[in-house]
Every structure is written in structure tokens, then in C-alpha cells.
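Here the structure is laid out as C-alpha cells; the discussion comes afterwards.
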Amino acid sequence: MTGEDRGHCLCKDGRLANQELCALMARVFKGDRSAARRLSTHIAPLLLAFYEGQAQVGRIRPERVESLAREAFMALLERRADYDSSIPFRAWLLTVARATLLNHTPASSTVPLSTPPHLQWAI
1 MTGEDRGHCL
11 CKDGRLANQE
21 LCALMARVFK
31 GDRSAARRLS
41 THIAPLLLAF
51 YEGQAQVGRI
61 RPERVESLAR
71 EAFMALLERR
81 ADYDSSIPFR
91 AWLLTVARAT
101 LLNHTPASST
111 VPLSTPPHLQ
121 WAI
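Just so you know, we're using UniProt numbering here: the sequence shown kicks off at 1 and counts up by one.
Right under this line is the structure:
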């Protein structure tokens with residue numbers, strides 16, 4: 001996952017459709033290492049963008065972005081048996097990314113949600 005990959009996170013050129021990502025994941029199921037490398041190439045920009053956003057809002061340190069993206073990809077490979085092809089691949093990917101984030105975010109660093117004004121009387 002390099003800086004070169006970041007260029008096509010939002011650009012649709014070269015972006016694989018959900019069906020193509022599902023097909024790659026099916027090949028990964030069968031132990032195809034080249035499919036795993038190709039999958040990594042295509043999802044790295046998504047993972048990096050997700051974790052860069054988390055760094056921008058202060059949930060993680062910026063220097064953790066790349067290591068968390070790598071760890072999320074490894075978690076994806078470990079949890080591949082949990083993948084359900086009826087669910088959009090990118091949604092599942094972000095679920096794995098969030099779980100990886102939560103595993104590395106100390107409970108004390110969470111930012112509490114504000115209480116809506118109409119519920120403050122109940123507190």
C-alpha cells in the first residue's frame with residue numbers, strides 16, 4: 001500500500017465493480033495469492049482513505065494510518081469465511097476496517113456524543 005495507490009480512491013477509472021471484487025474474493029477463498037495481491041491493490045486506497053479520515057478527526061495518530069490499513073487487510077483475509085457475497089463488498093470492507101479501528105482505539109479516547117437538547121431533561 002503506497003502513496004501511488006491513493007490517487008484512485010474516489011476516481012472511478014480503474015475501480016473494480018462489486019461483482020469483480022466478489023470474484024477476486026472467491027479466488028482468495030481458493031488460496032490464489034495473485035488474487036490477494038490484486039485485491040490489496042484495489043482496496044488499499046479505500047482503507048487508507050478511511051484511516052486518514054479517522055486521523056483527521058483525531059481518533060488515531062497519523063503515523064498509524066498505513067499500519068492500520070495493512071492490519072485491516074490481514075483481518076479481511078483472516079475473516080474471509082465471514083464474507084457474504086450478497087452484501088456489497090465495500091460495505092463489508094468498511095465493517096472490517098471499523099472493527100480493526102475499534103480494536104486499537106482505547107476506550108478512554110472515544111469522543112462522547114452530545115446529548116440532544118430534547119433529551120437533556122432525562123439526564
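Where a beta carbon is used, it is the ideal one built from N, C-alpha and C, also for glycine. Just so we're clear, the structure is a prediction, and the values are computed from it rather than from any experiment.
Of the other Cβ atoms in all chains shown, fewer than 16 fall within 10 Å of the Cβ of residue 57; this residue is therefore exposed. Exposure of residue 99 is indicated by the presence of fewer than 16 other C-beta atoms within 10 angstroms of its C-beta. If you ignore the 5 residues before and after residue 69, its C-beta comes within less than 7 Å of the C-beta of 1, 44, 47, 48, 51, all in its own chain and listed in chain order. DSSP places residue 43 in the helix class (H, G or I) of the three-state scheme.
Sorting 80, 32, 65 by C-alpha distance to the C-alpha of residue 101 places 65 at the top.
In the DSSP assignment, residue 63 falls outside any alpha helix (DSSP H) and carries neither an H nor an E. Bounds of any alpha helix (DSSP H) do not take in residue 79, whose DSSP letter is neither H nor E. Straight through space, the alpha carbons of residue 37 and residue 60 are spaced by roughly 26 Å. In the structure shown, residue 17 falls within a coil segment according to DSSP collapsed to helix, strand and coil. The beta carbon of residue 85 sits closer than 7 Å to the beta carbons of 22 from its chain, once the five residues preceding and following it are set aside; these are given in chain order. Around the beta-carbon of residue 25, 16 or more other beta-carbon atoms lie within 10 Å, marking it buried. In this structure, the straight-line span from the alpha carbon of residue 40 to that of residue 63 is close to 20 Å.
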